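K.L.:
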Amino acid sequence: MSTGKGTIKLGVLGSGSGSNMQAILDAIENGSLDAEIVLVLSDNPEAYILERAQKAGIRAEVIDCAGYKTRFPDASQAAVAEQLKSAGVDIVCLAGFMRLVKAPLLEVFPQRILNIHPSILPAYPGLMAWKQAVQDGARESGCTVHYVDAGMDTGPTILQAKVPVLVDDTADTLHARIQVEEHQLYPDAIRLVWKDIQSNASTS
Ligand code: GAR
47 MSTGKGTIKL GVLGSGSGSN MQAILDAIEN GSLDAEIVLV LSDNPEAYIL
97 ERAQKAGIRA EVIDCAGYKT RFPDASQAAV AEQLKSAGVD IVCLAGFMRL
147 VKAPLLEVFP QRILNIHPSI LPAYPGLMAW KQAVQDGARE SGCTVHYVDA
197 GMDTGPTILQ AKVPVLVDDT ADTLHARIQV EEHQLYPDAI RLVWKDIQSN
247 ASTS
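At the far end of the sequence shown sits residue 250, using our numbering, and the numbering has no gaps.
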């Protein structure tokens, strides 16, 4: 694991479409993020994120969760940690990854696992935060990139972006507006975290 020199090696974990991974890739391709995605892992063999990664020539693999639908067993987390470590990953990005990360993975990448969540945390943690916001009559929502700890969407915030909730919003239209911000926010947050790693390394 590098202490903040050169190109950042990223590992991405996702369960769904992977539009955030695509946004990170786009930022790399347009030169605004000096990084490389070296490994993409998904707990869902059908997830489009795997196809996107393969199309981009990135190593993409399925996580074996031992048949559990929502749990992320310790042994699977330890195996993922090993895969990420041997790929030389510096920062792990959860991008629509729907299982809770715990000690076996957190301990291998302390302060180096990030998550993007579609709300202004601490509001609306958990599943389908955009739907929760619409149902709650919220006037504002947005997205948060935060460090991952053992809780559900509870780690320290890195960056947030707000969007209005419009009177005629459905869950889908609000999510689409939030995602526009997410795609900007995640590359920004990665740059910020890398800067922080660099400055910690130079003062230690
Ligand atoms: C994103 O909106 C992300 O914030 C959310 O899932 C979507 C994944 O989209 N994550 C969570 O709700 C995590 N609690 P993507 O697969 O297109 O990046």
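Built from N, CA and C at the ideal position, the CB exists for glycine as well.
Note that this is a predicted model, so its numbers are computed, not measured.
Report, in whole angstroms, the separation of the C-beta atoms of Ser-88 and Val-108, which I expect to be a contact under 8 Å.
P.N.:
Confirmed, Cβ separation roughly 6 Å.
K.L.:
Judging by CA-CA distance, which residue of Ala-222, Ala-196, Tyr-170 is the nearest neighbour of Ser-65?
P.N.:
When the alpha-carbon of Ser-65 is set against those of Ala-222, Ala-196, Tyr-170, the nearest one is in Ala-222.
K.L.:
I'd like to know whether the C-beta atoms of Ile-159 and Leu-167 end up nearer to each other than 8 Å.
P.N.:
no
K.L.:
Can you list, in chain order, the stretches of the beta strand (DSSP E) that have 3 or more residues and sit fully within the stretch 85-133?
P.N.:
Runs of the beta strand (DSSP E) inside the stretch 85-133: 106-108.
K.L.:
Confirm the yes/no value for this check: CB of Cys-111, any heavy atom of ligand 1, distance under 7 Å.
P.N.:
no
K.L.:
Please return the same chain residues whose Cβ sits closer than 8 Å to the Cβ of Lys-148, not counting the five positions on each side in sequence.
P.N.:
Phe-118, Asp-120, Gln-123, Ala-196
K.L.:
Quick check: is any heavy atom of ligand 1 less than 7 Å from the C-beta of Pro-168?
P.N.:
no
K.L.:
From the DSSP output, in three-state form, read off Asn-76 for me.
P.N.:
coil
K.L.:
Within 10 angstroms of the Cβ of Leu-56, are there 16 or more other Cβ atoms? Answer buried if so, exposed if not.
P.N.:
Classification of Leu-56: buried, given that the 10 Å Cβ count is 16 or more.
K.L.:
Any heavy atom of ligand 1 closer than 7 Å to the CB of Ser-315?
P.N.:
Since the first and last residues shown for the chain are 47 and 250, residue 315 lies out of range.
K.L.:
Hey, Val-194 and Leu-231: beta-carbon distance below 8 Å or not?
P.N.:
no
K.L.:
According to the neighbour-count rule (16 or more other Cβ atoms, all chains shown, within 10 Å of its Cβ), is Met-198 buried or exposed?
P.N.:
exposed
K.L.:
I'd like the list of long-range same chain contacts for Ala-93, defined as Cβ closer than 6 Å, with 5 residues on each side in sequence excluded.
P.N.:
Ser-61, Gly-62
K.L.:
Have a look at Tyr-114 and Ser-248 and give me their C-alpha separation to the nearest angstrom.
P.N.:
43 Å
K.L.:
How about Glu-97: is its Cβ closer than 7 Å to a heavy atom in ligand 1?
P.N.:
no
K.L.:
Check for me: the alpha helix (DSSP H) holding Glu-153 runs from which residue to which?
P.N.:
Looking at the DSSP string, Glu-153 is not in any alpha helix (DSSP H), and its letter there is neither H nor E.
K.L.:
Hey, would you say the C-beta of Asn-90 is under 7 Å away from at least one heavy atom of ligand 1?
P.N.:
Within 7 Å of the C-beta of Asn-90 there is not a single heavy atom belonging to ligand 1.
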